[in-house]
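A.B. asks:
Number of protein chains: 2
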Amino acid sequence: MKAEIVAVGTELLMGETQDTNSSWLGTRLPELGLELEWVTIVGDDIGRLTEALERAWGRSGVIITIGGLGPTLDDVTRDAIAKMLGEEMSVAPELKTWLEENFSRRNIRPMPQSNLRQARMIPSATAILNAMGTAPSWWIERDGKILVTLPGPPRELMNMWTTEVVPRLKERLPGQAIVSRTFKTIGLSEAALDELVRDVYDIPGMDLGVYTKPDGIHVRAIAKAPVEAEAVRVLERAEAAIRSALGAYIWGTGEESPPEKVGELLRERGYTLAVVESCTGGMLGAAITDVPGASDYFVGGTIAYTTGLKLMAGVPSEVIDGSGAVSAETAQAMASAACTTYGADCGIGVTGVAGPGDVDGIKAGTVFIGVAVPGSAGVEPYAFPSRRPLVRGRAVTAALLQLTRALQRP
Amino acid sequence: MKAEIVAVGTELLMGETQDTNSSWLGTRLPELGLELEWVTIVGDDIGRLTEALERAWGRSGVIITIGGLGPTLDDVTRDAIAKMLGEEMSVAPELKTWLEENFSRRNIRPMPQSNLRQARMIPSATAILNAMGTAPSWWIERDGKILVTLPGPPRELMNMWTTEVVPRLKERLPGQAIVSRTFKTIGLSEAALDELVRDVYDIPGMDLGVYTKPDGIHVRAIAKAPVEAEAVRVLERAEAAIRSALGAYIWGTGEESPPEKVGELLRERGYTLAVVESCTGGMLGAAITDVPGASDYFVGGTIAYTTGLKLMAGVPSEVIDGSGAVSAETAQAMASAACTTYGADCGIGVTGVAGPGDVDGIKAGTVFIGVAVPGSAGVEPYAFPSRRPLVRGRAVTAALLQLTRALQRP
C-alpha cells in the first residue's frame, strides 16, 4: 500500500530544525508492507497544509502527518485535516480531562486555556494519548484510507509510533505478516557481501536490503507471509543462511550499536576498559560513554595528542623512537599501556593521521588500532577515505568492533 | 519571491540517506529574499518526479532540484525536466568534451558510455560545470521562472550553490540587495535577549531572526535595500545597536564554531591547552580536535571517568574527599591539574552528572566547569536539562565558551 508523509513546521523550511522524523519513519514503513512515495514539508500555513493533505488523501492509502499539534495558533494540523475532510471540530470531554490531569501532575493549575485546542476532535477521529507530551494524536479511518497525526518531537514520535501506531497498522493492513531482522557486518565490501548472500535472495517470501552505514554494512532481511508464524519461519531460514554465509563478519543485530555491544560484552565478562587515543582526540571515549551506565566498565584514559602524552600514558619511548608515533607497534603499546597504567582488563590504542594533509609521509586516513584483552592482543592497520570527519568516525567504529571480536573469540 | 525544493532519490524515502541539503538551503534562501514554501521528496521515478516538477513550475518562481544527476538509468531528473517543459534533449558537444577531459584527468580512458547521459541538455538550459564531480547542472530561465538542478552530494551542492548559483540569483532577483550577519551569544535566555534587541527591529530595512542552537542563541540580522552599499550601511547600523545591547554575551559571528573560536584565540596568544574531563567522557577533546591543525595548540589530557583517574591526572585527593567528585572545587582542581600535569598554558576541567539518573543525591544535569588561563582561573556551575545527550553536548559548548571568555578578558 502507498504511504505518504506530510511534515509540518516553518522551522523545517527555514533550516532551523532538520526533519529527521521522515527519514526515521522511512526505514520502518517497508516492514509494514508500506511503500513511501512522497514526503512533503510545508510551513505552519493552513492553506498550503490543506492543499498538501488534499493531494495526499487523493493519491495515498496511509497518510502520516508530523508536527503542528501544539497548543498555539500556529499549530494548524488539526484545523487543516478538519477542513480537508469537511468535518467540524469540538472539544472531547475525555481529552479535556486527560489534559487537565496531565498538567495537574506537573503542578500546573489551572491548565492554560490555549491547551484546550489540543482536546479538539472530529467525528471520524479517535484519540491516541501521548505518553510523553501533551499533544494527543488523531487516528482516522475513512473512505478506505488511514490518516494518523504524529507529534513533532522525535522522542514523542518514536514512542507513539512503536507502541500505538504500529500495532494498529498491523491489524488493518491486508492479510500479510512481515517480520524483519538486521545483521550488522564489518570487514566485507558491499559487492563481496552481496556475492556471499546471493542464495538468500532466492528464498521465497524473502527480501534483502544491503546498506552501507558508518558502522559497517547492514543486511536487512524482511520476510513476508500470509500469517506471522510462517513469516517467522521464512526469517529463521534466511537467518541461518545469512549466518552461514557471513559468519564472523556479523558483529551484531537489530538496533545494537558498537558502544552498546562493547558494553554488553564487558559487563558479561566482568572486565574493565581503558583507552589511549591519539587521532580520534577523545571521540572513542565519547562513544563509549554515550551509553548510560558506562562507568560500570569504563575507567577512562588518555587523549594523547602529543608524543609527550603518549609517554606519560606509559608508552615506552623506544617503541615510538623505533617505529614512529603512527605505527602498528605504537598502537599495540598504547593498548597495553591503557591496561597497565590504568589497571584495566582491556585496552584500546588508536593512532593515525586524521588529515586533511599527510603527516611525515604518512597518508591521511592511515590509522593503526591496537586492542588488548586478557590473554590476547592484536593490532590492525586501516586506510580510511582521507576526509577528516570520516577518518575519525570510522576509526572509532573500527576500534569498538575490533574489541568486540576480541571479546567474542572463544 | 516564492521558492520550492524538489529533492530526488529513493534512498531519501527509504531513510538510507538523510536529506540534509534542503535544510542547508533553507537557511540560505531568506538572504536572497526567497521564501521557501515547499520541499517535496520523491523517489527515482520519472512519473512522480514529473508530477512534482509540474506542480512546482505552476506555483513557484524559483525551483531547485537536488540529486538525480548521475550517469545511470535511475538518474531521471534531466529526463523529467525535459518532459515537464516539453523540450528535447541532445548531447552538447562542449559538455561531452568537458566530461571526457574530467575522466582523462582521473586516468579513466575512455569515458564510460553511460556518462554521456550527463552531457545532455535542453534548448532553454545552460550548463553550470561542477568543480567537484562529473554531474554538470542545468540553469533554466523560461516563462519568468528560474529552475536550477543541484547535485546530491552535499560537498558538491554547497560548492556549486555558493560559487555559481548565488551570484546568478543575485543578478536576476528584482532590484534588492540583501546582506546579513549572525551574532552568536551565550548566557541570555531567548526572552531576555529579545527584550534587549527590541530597538533593532525598528531600524528601517532590518529583519532580525532569533534562533536557539546547541551552542547558544543566535541573532541573525538581515538588511535589505535597493542597492548593496545601502544594505551594508543598514547592517552596520544594526550591528552597532546589537553589540551595544548584547555586549559581552556575544562570543562570535558568522559560521564560527566554539572549537574554531578557541583555536583562533589560543593560536593568537601562543598558548597550549589540556583537558581533564569526566562526564563528557572525551567529547570535549573530540570537539577541540575536530578542527584541522588542533595539534598546534592542543596537547590532550585525561578522560577521568573514575576518581582513580582524576587522582592520577593530578587532582589532589583532599579536594575530592573534601568537596566530592562532582563539585566546583574539583572542577577547578581538574583545570589546574590539566595545566600542571601536562605542562599546558590553559586547562579545562569538567565534572558532572550526565544522567539519566541522579548520582549520590546530585541531580542529573548538574555540571561544574573549571577554566584556568595564565593569570586567572574560574569555575562555573550549570544545571542543564537532564537528558544525557543534551547534558554532555551543552557541557562541551559551555566549556569552550567559558575558555573563550577567559581568553578574551583584557
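Chains as they are written, first to last, in the working numbering: chain A, 1395 to 1804; chain B, 1395 to 1804.
Backbone N, C-alpha and C fix where the C-beta goes; we use that ideal spot for every residue, glycine too.
Remember, it's a predicted structure, so these values are computed and weren't measured experimentally.
(1) Alpha carbons only, please: which of A:V1433, A:L1430, A:D1439 is nearest the one belonging to E1431 of chain B?
(2) Looking at C-alpha atoms only, which residue of A:T1520, A:T1434, A:L1678, A:L1467 is the closest neighbour of W1394 of chain A?
(3) Is there a Cβ of chain B sitting closer than 9 angstroms to that of S1689 of chain A, yes or no?
(4) Say whether the stretch 1689-1709 of chain A touches the stretch 1621-1639 of chain A, bearing in mind that this needs 3 or more beta-carbon pairs closer than 8 angstroms, one atom from each stretch.
(5) With a cut-off of 8 angstroms on the beta carbons, I'd call E1512 of chain B and L1463 of chain B a contact; round off their distance for me.
(6) For E1671 of chain B, does the count of other Cβ atoms within 10 angstroms reach 16, so buried, or fall short, so exposed?
(7) Counting along the chain, where does the alpha helix (DSSP H) carrying Y1736 of chain B start and finish?
(8) Which parts of the stretch 1612-1662 of chain B are runs of the alpha helix (DSSP H), unbroken and 4 residues or longer, counting only runs that do not cross its ends?
(9) Among A:D1609, A:A1623, A:P1504, which residue has its Cα nearest to the Cα of V1785 of chain A?
(10) Starting from the Cα of V1560 of chain A, find the closest Cα among A:T1760, A:G1708, A:L1426, A:L1659 and give me that residue.
(11) Check this for me: beta carbons of G1772 of chain B and T1760 of chain B, under 9 angstroms apart or not?
(12) How would you list, in chain order, the residues of chain A whose beta-carbon sits under 9 angstroms from the beta-carbon of F1692 of chain B?
(13) Any beta-carbon of chain B closer than 9 angstroms to the one on P1424 of chain A?
(14) Within 9 angstroms (strictly less), CB to CB, does G1603 of chain B reach chain A?
(15) For P1547 of chain A and A1401 of chain A, I'd like the C-alpha separation in whole angstroms.
(16) Since P1530 of chain B and L1523 of chain B are thought to touch, with beta carbons under 8 angstroms apart, how far apart are those beta carbons, to the nearest angstrom?
(17) For E1723 of chain B and A1792 of chain B, what's the separation of their Cα atoms in angstroms?
(18) Counting only Cβ-Cβ distances shorter than 9 angstroms, please list the residues of the stretch 1720-1748 of chain A near chain B, keeping chain order.
(19) Could you tell me the alpha carbon to alpha carbon distance between T1683 of chain B and T1674 of chain B, rounded to whole angstroms?
(20) Cα-Cα, which of B:Q1507, B:K1539, B:I1534, B:L1493 is closest to A1525 of chain B?
(21) Output yes or no for whether 9 angstroms exceeds the beta carbon distance between I1616 of chain A and S1574 of chain A.
(22) May I ask you to report which of helix, strand or coil DSSP gives P1779 of chain A?
(23) For D1601 of chain B, which option in B:A1586, B:K1607, B:K1618 has the closest C-alpha, if you only look at C-alpha atoms?
(24) According to DSSP, is K1477 of chain B part of a helix, a strand, or is it coil?
(25) Looking at the secondary structure, which residues open and close the alpha helix (DSSP H) in which A1586 of chain A lies?
(26) What whole-angstrom Cβ distance do L1795 of chain A and P1653 of chain A have, given they're in contact under 8 angstroms?
(27) Hey, quick one: how far does the alpha helix (DSSP H) through I1714 of chain B stretch, first residue to last?
(28) Below 6 angstroms CB to CB, which residues in the same chain sit around P1465 of chain B once its five sequence neighbours on both sides are set aside?
(29) Which of the three DSSP states is assigned to K1578 of chain B in this structure?
(30) Can you give the Cα-Cα distance for P1804 of chain A and S1651 of chain A, rounded to whole angstroms?
(31) Residues of chain A with CB closer than 8 angstroms to the CB of I1682 of chain B, please, in chain order.
(32) Can you check which of these residues, A:T1528, A:K1477, A:I1742, is closest to F1497 of chain A by C-alpha distance?
(33) Return the first residue and the last residue of the alpha helix (DSSP H) that S1454 of chain A is part of.
(34) Beta carbon of S1770 of chain A, beta carbon of A1727 of chain A: below 9 angstroms?
(35) Between which residues of its own chain and I1636 of chain B is the CB-CB distance below 7 angstroms, once the five residues before and five after are set aside?
(36) Check each residue of the stretch 1760-1792 of chain A: if its Cβ is closer than 7 angstroms to any Cβ of chain B, include it; give the result in chain order.
C.D. replies: Straight from the coordinates:
(1) A:D1439
(2) Absent from the structure is residue 1394 of chain A, since the part of chain A shown begins at 1395 and ends at 1804.
(3) yes
(4) no
(5) The displayed chain sequence assigns Gln, not Glu, to residue 1512 of chain B. Indeed, because the Cβ distance is near 7 angstroms, the residues count as touching under 8 angstroms.
(6) buried
(7) 1722-1736
(8) 1622-1640
(9) A:D1609
(10) A:L1426
(11) no
(12) G1675, I1697, Y1699, T1700
(13) yes
(14) yes
(15) 12 angstroms
(16) 6 angstroms
(17) 18 angstroms
(18) Contact residues of the stretch 1720-1748 of chain A toward chain B are T1735, Y1736, G1737, A1748 (C-beta to C-beta distance below 9 angstroms).
(19) Each residue's alpha carbon lies about 15 angstroms from the other.
(20) B:L1493
(21) Going by C-beta atoms, I1616 of chain A is nearer than 9 angstroms to S1574 of chain A.
(22) Under the three-state reduction of DSSP, P1779 of chain A is assigned to coil, being neither helix nor strand.
(23) B:K1618
(24) helix
(25) Note, A1586 of chain A: alpha helix (DSSP H), 1584-1590.
(26) The Cβ separation is near 11 angstroms, so there is no contact.
(27) Looking at the DSSP string, the run of the alpha helix (DSSP H) that includes I1714 of chain B is 1711-1717.
(28) Taken in chain order, the residues that qualify are S1508, N1509, R1511, Q1512.
(29) DSSP places K1578 of chain B in the strand class (E or B) of the three-state scheme.
(30) 22 angstroms
(31) G1675, G1676
(32) A:T1528
(33) No alpha helix (DSSP H) holds S1454 of chain A; DSSP gives it neither H nor E.
(34) No, these two residues do not count as a Cβ contact at 9 angstroms.
(35) If we look at I1636 of chain B and ignore the five residues flanking it on each side, its Cβ neighbours are F1577, V1591, V1594, V1613, A1615.
(36) Within the stretch 1760-1792 of chain A, the residues whose Cβ lies closer than 7 angstroms to some Cβ of chain B are R1782, listed in chain order.
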